[in-house]
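Count the sequence shown with the numbering used here and you get residues 1 to 354, in order. The structure under discussion appears below in the form of structure tokens.
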Amino acid sequence: MEHPLTGSEIRFNTMREKISLLLEEVRTFAAANAENLEQFRIRFLGRKGLLQDMFDEFKTLSVEQKRDVGQLLNELKNAAQDKVNTLMETLYSSNGSSEVETDLTMPVNFRETGTRHPLNIVRNEIIRIFRRLGFTVSEGPEIEDDWHNFSALNFPPEHPARDMQDTFFIEQDPDIALRTHTSSVQIRTMETTKPPIRSIFPGRVYRNEAISARAHCFFHQVEGLYIDKNVSFADLKQTLLYFAREMFAADTQIRLRPSYFPFTEPSAEMDISCNLCGGKGCGFCKYTGWVEILGCGMVDPNVLENCGIDSKVYTGYAFGMGIERITNLKYQVKDLRMFSENDLRFLRQFESSF
Ligand code: DAH
């Protein structure tokens, strides 16, 4: 004859049965509305709910019984929690039950939307302007070798820009550095593409500078390159005039001052008529009426040859501008550090522009 069950064995058996019944109930439960779901949640997961009761009862079982029932109880708890989560999602999402959708007292799914960073707003505008002229857009690596950042661009070995004070070198390898300008992407493009080439290259650049209101150790540039037969300085000038007028105002004037860059010959720096005072002279343009916005020139034949392009057949122009500089001109941001501080009070001011 079977021996009578002990109290703990009876509890053990009933708990197992109860759990499997409840599991079934959880699996088949469907909430008609949010109230239903809340009742379900309270019944199973509430502070005085079924699961809490069962965990209390669980404490009275023997060690082996606990192992068995513990696993089942956890399974039930997880199933109930999963059920509540999934039903919440369907009920509260916009394509959930129509009853909830029309219940205007339900809490909304509040999502804070971000705003575009001012540097991205300006970069996108620069890209749009050059795209209209048929320029394509591409990017190159921020970690560069000496060849692409300096040598192929005709920098002599002793040029001061190669100095440790300007360039961040990767430790132990003097050949590898963070690019100091986006001109490196000119080289990468000319090495791999046959002319005609008409592209711009936006990106981040790095220089070993003490951070202040007027200097930063990283900033952004857009480089431009146009290589074809018969490209002339007049083409460069016309393109830059178009850019300045699209970017600033229809009556913006430009002037080109002779300058020097190792990779262009001749080289120039371009000023625009001060967009704050319209060229009359103000504190911003130091009472000159002009502000500098970019460097440019005709690609030096040495650079073309370094990239395998026949300098007797092809000519081209290049230019490079700082995005921070253009952004400052448009929005008068006086402290460069604001661009990388992620202060929402600053960033939100640019939402509606462009
Ligand atoms: N790479 C120069 C700089 O970082 C900018 C520049 C000047 C780019 C003249 C050019 C150019 O392509 O022709 O200051």
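Note that the Cβ used here is the ideal one computed from N, Cα and C, for glycine as well.
Per DSSP, which residues does residue i bridge with? Please list them.
i	result
residue 290	273
residue 257	269
residue 331	Residue 331 pairs with nothing; no bridge assigned.
residue 322	221
From the DSSP output, in three-state form, read off residue i for me.
i	result
residue 7	helix
residue 234	helix
residue 92	helix
residue 317	strand
residue 145	strand
residue 106	coil
residue 252	coil
residue 86	helix
residue 136	strand
residue 115	coil
residue 264	strand
residue 297	strand
residue 343	coil
residue 130	helix
residue 70	helix
residue 310	coil
residue 62	coil
residue 360	Nothing can be reported for residue 360, as the shown portion of the chain is limited to 1 through 354.
residue 40	helix
residue 161	helix
residue 302	helix
residue 78	helix
residue 29	coil
residue 155	coil
Residue i and residue j: beta carbons closer than 8 Å?
i	j	result
residue 246	residue 259	no
residue 150	residue 162	yes
residue 125	residue 178	no
residue 138	residue 201	yes
residue 61	residue 110	no
residue 336	residue 216	yes
residue 263	residue 235	no
residue 284	residue 274	yes
residue 190	residue 129	no
residue 135	residue 203	no
residue 342	residue 154	no
residue 8	residue 65	yes
residue 322	residue 221	yes
residue 180	residue 205	yes
residue 31	residue 76	no
residue 317	residue 289	no
residue 326	residue 122	yes
residue 233	residue 272	no
residue 256	residue 286	no
Any heavy atom of the ligand ZN closer than 7 Å to the CB of residue i?
i	result
residue 232	The ligand ZN is absent from the structure shown, which contains only the ligand DAH.
If we define contact as Cβ-Cβ less than 8 Å, is residue i a contact residue for chain D?
i	result
residue 308	Absent here is chain D; the protein component of the structure consists of one chain.
Exercise. Please list the segments of the alpha helix (DSSP H) lying wholly inside the segment 163-234, counting only runs of 4 or more residues, in order along the chain.
Key: Counting only runs of 4 or more, we get 183-192.
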